[in-house]
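Each remark here refers to the structure printed beneath this line.
There are 2 protein chains.
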Amino acid sequence: MAFITDTCSNPNKMKHFRLFATVLLGAFLIAGCSRQTRTAHSPSDPLPSWNPGVTKTAIMEFVDASCEKLGEKFIPVADRVAVFDNDGTLWAEKPLYFQFYFAMDRVRQLAPEHPEWKTEQPFKAILDNDMETFASLGNGALTKMLVTANSGTTSAEFNQIVTEWFRKAEHPTYQRPFKDLVYQPMLELLNYLRDHQFKTFIVSGGGIEFIRDFSEDVYRIPKDQVVGTTMRTQFELKGDKAVIMRLPELDFYNDKEGKPVAIDKYIGRRPVFCAGNSDGDLQMMQYTASGDGPRFMLYVHHTDGEREWAYDRESSVGRLDKGLDEAMQRGWILADIKSDWKVVFPYELGEDPE
Amino acid sequence: MAFITDTCSNPNKMKHFRLFATVLLGAFLIAGCSRQTRTAHSPSDPLPSWNPGVTKTAIMEFVDASCEKLGEKFIPVADRVAVFDNDGTLWAEKPLYFQFYFAMDRVRQLAPEHPEWKTEQPFKAILDNDMETFASLGNGALTKMLVTANSGTTSAEFNQIVTEWFRKAEHPTYQRPFKDLVYQPMLELLNYLRDHQFKTFIVSGGGIEFIRDFSEDVYRIPKDQVVGTTMRTQFELKGDKAVIMRLPELDFYNDKEGKPVAIDKYIGRRPVFCAGNSDGDLQMMQYTASGDGPRFMLYVHHTDGEREWAYDRESSVGRLDKGLDEAMQRGWILADIKSDWKVVFPYELGEDPE
Numbered sequence: 025m026a027f028i029t030d031t032c033s034n035p036n037k038m039k040h041f042r043l044f045a046t047v048l049l050g051a052f053l054i055a056g057c058s059r060q061t062r063t064a065h066s067p068s069d070p071l072p073s074w075n076p077g078v079t080k081t082a083i084m085e086f087v088d089a090s091c092e093k094l095g096e097k098f099i100p101v102a103d104r105v106a107v108f109d110n111d112g113t114l115w116a117e118k119p120l121y122f123q124f125y126f127a128m129d130r131v132r133q134l135a136p137e138h139p140e141w142k143t144e145q146p147f148k149a150i151l152d153n154d155m156e157t158f159a160s161l162g163n164g165a166l167t168k169m170l171v172t173a174n175s176g177t178t179s180a181e182f183n184q185i186v187t188e189w190f191r192k193a194e195h196p197t198y199q200r201p202f203k204d205l206v207y208q209p210m211l212e213l214l215n216y217l218r219d220h221q222f223k224t225f226i227v228s229g230g231g232i233e234f235i236r237d238f239s240e241d242v243y244r245i246p247k248d249q250v251v252g253t254t255m256r257t258q259f260e261l262k263g264d265k266a267v268i269m270r271l272p273e274l275d276f277y278n279d280k281e282g283k284p285v286a287i288d289k290y291i292g293r294r295p296v297f298c299a300g301n302s303d304g305d306l307q308m309m310q311y312t313a314s315g316d317g318p319r320f321m322l323y324v325h326h327t328d329g330e331r332e333w334a335y336d337r338e339s340s341v342g343r344l345d346k347g348l349d350e351a352m353q354r355g356w357i358l359a360d361i362k363s364d365w366k367v368v369f370p371y372e373l374g375e376d377p378e
Numbered sequence: 025m026a027f028i029t030d031t032c033s034n035p036n037k038m039k040h041f042r043l044f045a046t047v048l049l050g051a052f053l054i055a056g057c058s059r060q061t062r063t064a065h066s067p068s069d070p071l072p073s074w075n076p077g078v079t080k081t082a083i084m085e086f087v088d089a090s091c092e093k094l095g096e097k098f099i100p101v102a103d104r105v106a107v108f109d110n111d112g113t114l115w116a117e118k119p120l121y122f123q124f125y126f127a128m129d130r131v132r133q134l135a136p137e138h139p140e141w142k143t144e145q146p147f148k149a150i151l152d153n154d155m156e157t158f159a160s161l162g163n164g165a166l167t168k169m170l171v172t173a174n175s176g177t178t179s180a181e182f183n184q185i186v187t188e189w190f191r192k193a194e195h196p197t198y199q200r201p202f203k204d205l206v207y208q209p210m211l212e213l214l215n216y217l218r219d220h221q222f223k224t225f226i227v228s229g230g231g232i233e234f235i236r237d238f239s240e241d242v243y244r245i246p247k248d249q250v251v252g253t254t255m256r257t258q259f260e261l262k263g264d265k266a267v268i269m270r271l272p273e274l275d276f277y278n279d280k281e282g283k284p285v286a287i288d289k290y291i292g293r294r295p296v297f298c299a300g301n302s303d304g305d306l307q308m309m310q311y312t313a314s315g316d317g318p319r320f321m322l323y324v325h326h327t328d329g330e331r332e333w334a335y336d337r338e339s340s341v342g343r344l345d346k347g348l349d350e351a352m353q354r355g356w357i358l359a360d361i362k363s364d365w366k367v368v369f370p371y372e373l374g375e376d377p378e
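Keeping their order, the protein sequence lines are chains U and P.
Residues in the first sequence are numbered consecutively from 25, following our numbering.
Residues in the second sequence are numbered consecutively from 25, following our numbering.
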């Protein structure tokens, strides 16, 4: 495949994509979760799923002060740019980034057109559901799967494929649609910021079209306010019909140093509010923190093995190590899921309404 | 310079950039304009600077129908994406793209730090104001000038440089700030579309930061709704301070086939309304036209040598040749500046208020 062999044109991209693959590979056999239902409502509280405490107070003080026109911490409306990571920040990311389930299902869907996959790795391992072998194949296997799953169609066709997948797919342990596993406190935070004229953006390592499929319905974030990893595409005329073809080559891997680069490119402004959960978000935290005037850096810290998952420094998916050190050194805010979140997932509210 | 010598990593980008340079080079000695003041106001007319006629009627019928919820031509609000080229569509582009005056001034500004430029081309020609020699140097000269003018600073520094340039620079023949040379009828059209819940975007071959400098004030288009040509950048930590450095290498040239590719990437939706003025906009016209349901393709046709400039098929800046043929074949709307625009520039209204 062009993507695999043509390293001349994109050596750094290949390296990044492989790094992306490596980080994830170790996590293939990890699973486990439990749920617990809690609810919280207070008509006057804009963040009802956040417990009272230092974190909630800090968020509300920052947002209130940003709107005080005569105050020292006022932020002009045009500068109220808030960026959010997606995986592990707005929705769950365990046992694997949800997009990986899509990629595996897409390979299975394409298999009838590829009889050679019965013997060709990594496709054989995916089709045999043999994750142990898959994991042993190394980064190349993951890369090959991702490239295959994310290319070879027009842009419009791909969007349709993602939409259909979301309609049917379920999380392996929660056995719910993946979109159910967004974080209720973060939905409230997005709304709260928008109510105060912040413009909210997603800046994710995930595929940009994958997130755009649900960003409007679930997060109320327009597609054009989603920044993510992109595949190379090209314009083609098929008769009278103009289409965008998705090529089997990475265009831009939006993680780590890539995030502030993409923020500068897509948004054109340094954010004043940044939320993330992993070392992959550290550079956009640093970029946000480096501006003049008031700003807010929020790390979601996965501390709740009961209601969600507890992980940080040792996790292969969503590792928070250097970022945790820097957050503590620089006084960035940590949202401790166990103590700060009254509710984790929105369905908890529906299942047990007060 | 890395950009000039490193063709391995970006052969296509170099080719595109050189093409960009070629198209412009022939125009360096062309100039000439005249002005004529007219005004037009009608409190009930959302497009007062458009003369009554086929074009104005077509625009208004399309927009009205898009909002008729029970009509056949209704467009859901989320799909009301309108894309506008900038040079020659939202503001003038003669005798040269305005960004070229910026680039030449930037070279002059940097000259004291580069004594070697006194003898090194193309800098010598620019410093001597010897446009004839400059034009004779070929594409490499223009490329070298553009790369020099657009790199070597942080992103924040570059924004400041552009802002300061706009504050002082004047159009060579109109002797007015460049921002005065936006088209009043197009400002009204942008407002009219937004009043009907269209989201307006700029999709330009010009530098993305250059346009972002004035898009909010002049067009009321947020920076993050501007798509343009980009330079490669990278994230750097200078001590505690995170910055985006602008590298001397083209990242993406947003013209022709690049425009629909960038629309797909930045906006994530096929537009329903597209306005342009040159063959560089043809592919985004085709892309817009290829969607299902109602859509509107508008070519601004420069027909008025009295109030502005008259040019189309033979012009090196803003050539409209294939696009003109296709517009006529497919029934796309042509805005004929001479007959359709009552007013060209906003200052005409201020100078002669009714």
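Virtual Cβ for every residue (Gly too), placed ideally from N, Cα, C.
Using a Cβ-Cβ cutoff of less than 8 Å, which residues in the same chain neighbour residue i once the five nearest sequence positions on both sides are dropped?
i	result
Gln249(U)	Lys223, Thr224, Phe225, Ile226 and Ser239
Arg132(P)	Ile150 and Leu151
Arg200(P)	Glu194 and Tyr371
Return the chain-ordered list of same chain residues with a C-beta closer than 6 Å to the C-beta of residue i, the five sequence neighbours on each side being excluded.
i	result
Ala82(P)	Ile357
Phe108(P)	Leu114, Ile226 and Ala299
Tyr371(P)	Asp204
Would you check if the distance between the CB atom of residue i and the CB atom of residue j is smaller than 8 Å?
i	j	result
Ala359(P)	His325(P)	yes
Ala135(U)	Leu151(U)	yes
Asp237(U)	Thr187(U)	yes
Asn12(U)	Tyr277(U)	A query on residue 12(U) cannot be resolved here, the shown segment of chain U reaching from 25 to 378 and no further.
Ile268(P)	Asp288(U)	yes
Phe122(P)	Ala173(P)	no
Val251(P)	Tyr290(P)	yes
Gln221(U)	Arg104(U)	yes
Asp129(P)	Gly229(P)	no
Thr257(U)	Val285(P)	yes
Lys80(U)	Asp364(U)	yes
Judging by CA-CA distance, which residue of the options is the nearest neighbour of residue i?
i	options	result
Asp69(P)	Val206(P), Ala193(P), Leu213(P) and Val131(P)	Leu213(P)
Gly292(P)	Arg244(P), Tyr311(P), Leu322(P) and Val206(P)	Tyr311(P)
Gly317(U)	Tyr243(U), Glu181(U), Pro295(U) and Glu144(U)	Pro295(U)
Asp305(P)	Glu92(P), Val341(P), Glu194(P) and Pro196(P)	Val341(P)
Tyr243(U)	Leu211(U), Thr254(U), Thr257(U) and Ala89(U)	Leu211(U)
Ala180(P)	Glu233(P), Val367(P), Ile361(P) and Pro146(P)	Glu233(P)
Phe158(U)	Thr254(U), Phe124(U) and Glu350(U)	Phe124(U)
Gly263(U)	Gly231(P), Lys247(P), Ser314(P) and Pro246(P)	Ser314(P)
Pro72(U)	Lys142(U), Asn215(U), Trp333(U) and Ala351(U)	Asn215(U)
Ile99(U)	Phe320(U), Phe369(U) and Met255(U)	Phe320(U)
Ser339(U)	Ser90(U), Leu120(U), Gln199(U) and Met352(U)	Leu120(U)
Ser175(P)	Arg354(P), Gly231(P), Gly374(P) and Pro209(P)	Gly231(P)
Arg218(U)	Gly355(U), Ile361(U) and Cys91(U)	Cys91(U)
Gly164(U)	Glu144(U), Asn183(U), Asn153(U) and Phe182(U)	Glu144(U)
Asn183(U)	Lys247(U), Met155(U) and Lys93(U)	Lys247(U)
Ala351(P)	Met309(P), Val87(P), Asp275(P) and His138(P)	Met309(P)
Over what stretch of residues does the alpha helix (DSSP H) that includes residue i continue unbroken?
i	result
Lys148(P)	Phe147 to Leu151
Ser179(U)	Ser179 to Lys192
Thr232(U)	The sequence as given places Ile at residue 232(U); Thr does not occur at that position. Segment Ile232 to Phe238, the alpha helix (DSSP H) holding Ile232(U).
Ile291(U)	First-last for Ile291(U): undefined, no H or E at that position.
Ala359(U)	First-last for Ala359(U): Ile357 to Asp360, but that is the beta strand (DSSP E), not the alpha helix (DSSP H).
Phe124(U)	Phe122 to Leu134
What first and last residue would you give for the beta strand (DSSP E) that runs through residue i?
i	result
Ser90(P)	Careful: Ser90(P) lies outside any beta strand (DSSP E), inside the alpha helix (DSSP H) at Val78 to Ser90.
Lys247(U)	No beta strand (DSSP E) contains Lys247(U), which DSSP labels as neither H nor E.
Glu273(U)	Lys265 to Phe276
Leu322(U)	Phe320 to His325
Val171(P)	Element bounds for Val171(P): not the beta strand (DSSP E) but the alpha helix (DSSP H), Asn163 to Ala173.
Just to check my reading of the structure: residue i and residue j have Cβ atoms closer than 8 Å, yes? What is that Cβ distance to the nearest angstrom?
i	j	result
Phe259(P)	Ala106(P)	No, Phe259(P) and Ala106(P) are not in contact; Cβ-Cβ is about 33 Å, not under 8 Å.
Asn75(P)	Lys265(P)	Contact doesn't hold; Cβ gap of about 54 Å is too wide.
Pro146(U)	Lys168(U)	6 Å
Ala116(U)	Glu332(U)	7 Å
Beta-carbon within less than 7 Å of residue i's beta-carbon, same chain only, minus the 5 sequence neighbours each way: which residues are those?
i	result
Asp303(U)	Arg343, Leu344, Asp345, Lys346 and Gly347
Phe202(P)	Phe122, Phe190, Ala193 and His195
Val101(P)	Gln221
Ala51(U)	In this prediction, Ala51(U) has a pLDDT of 41, which is less than 50 and means its spatial position is unreliable; what the coordinates show is noted afterwards. Closer than 7 Å at the Cβ level, and outside the excluded window around Ala51(U), lie Pro119, Leu120, Ser340 and Val341.
For a cutoff of 8 Å on Cβ pairs, would you count residue i as touching chain B?
i	result
Asp248(P)	Going by chain labels, chain B is absent from the structure shown, which instead holds the protein chains U and P.
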